[in-house]
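**Student:** The structure follows.
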Amino acid sequence: MKLSDLWPRSGAGKPAIPVVSVKVAKRAGAEKSVATGDTPAPSNTLRGPVDLPATLSECEALHEQLVTDSIRLELALAQALDGANQGTPYDRGWYNRAKAALKHMNHDRARLLKRCGEMRRDAKAQSQLQMDRVLLDVIKESMPADQFLGFVRIAEARVADGVAR
């Protein structure tokens with residue numbers, strides 16, 4: 001659903017031209033319980049929280065999209081309130097739906113930031129493990145096998161004793 005579909009109508013019955021356009025998706029359970037004559041039919045748009053992507057680059061791209069959409073929606077809400085302060089009426093239903101959509105976008109952004117942080121920590125840990133393996137391979141190649149195995153035994157004994165430096 002486009003924000004322009006929800007934009008208040010001008011006095012002549014024509015839709016007002018929106019300044020910005022933001023995609024607003026309804027959440028599950030957000031439908032009205034009482035049907036009224038002027039309520040539009042439910043659309044077949046995406047409902048519910050945003051699915052979290054599997055890769056870090058997709059997470060970052062989705063976060064940028066959510067930030068952009070939430071800024072546009074905040075601007076549209078601020079324009080509606082400024083217009084109301086100057087005497088131009090606005091559609092309360094649109095305002096409430098847009099405010100709820102903004103709340104859900106911010107919640108999705110927080111979930112996404114947490115997921116991106118987890119993915120960055122996992123990537124850093126994997127990178128460190130790979131570096132440790134390469135370092136051990138270089139050390140193994142540079143010294144005799146019996147000396148290397150002696151160091152392995154010492155390390156295993158320290159791990160068993162719980163000694164760490």
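Residue 80 in the UniProt record's numbering sits at position 80 of the sequence shown; the count goes up by one each step and never skips. The C-beta atom is built at its ideal place from N, Cα and C for all residues, glycine as well.
Does the beta-carbon distance from Asp69 to Met119 come in below 8 Å?
**Tutor:** No. Outside cutoff.
**Student:** When the distance is taken between beta carbons, is Val67 closer than 8 Å to Arg109?
**Tutor:** Yes, the pair counts as a contact, with Cβ atoms nearer than the cut-off.
**Student:** Report, in whole angstroms, the separation of the C-beta atoms of Ala76 and Tyr90, which I expect to be a contact under 8 Å.
**Tutor:** That pair is no contact at about 10 Å.
**Student:** How big is the Cα-Cα spacing for Met143 and Gly117?
**Tutor:** Distance between the alpha carbons of Met143 and Gly117: 39 Å.
**Student:** Look at the alpha carbon of Tyr95 and the alpha carbon of Val50, and state the distance between them as a whole number of angstroms.
**Tutor:** Their backbone Cα atoms lie some 22 Å apart in a straight line.
**Student:** Is Arg121 closer than 8 Å to Leu52 when the C-beta atoms are compared?
**Tutor:** No.
**Student:** Can you give me the start and stop residues for the alpha helix (DSSP H) that Leu112 sits inside?
**Tutor:** Where Leu112 is concerned, the enclosing alpha helix (DSSP H) stretches over Arg92 to Ser142.
**Student:** If we count the other Cβ atoms within 10 Å of its Cβ and call it buried at 16 or more, is Arg135 buried or exposed?
**Tutor:** Arg is not the amino acid found at residue 135; the sequence shown has Leu there. Burial call: exposed.
**Student:** Check for me: the alpha helix (DSSP H) holding Val152 runs from which residue to which?
**Tutor:** Ala145 to Asp161 is the extent of the alpha helix (DSSP H) around Val152.
**Student:** Give me the Cα-Cα distance between Ala61 and Thr88, rounded to the nearest whole angstrom.
**Tutor:** Cα-Cα distance, rounded: 37 Å.
**Student:** Taking the straight line between their C-alpha atoms, what separation do you get for Ala54 and Arg115?
**Tutor:** Roughly 10 Å separates the two Cα atoms.
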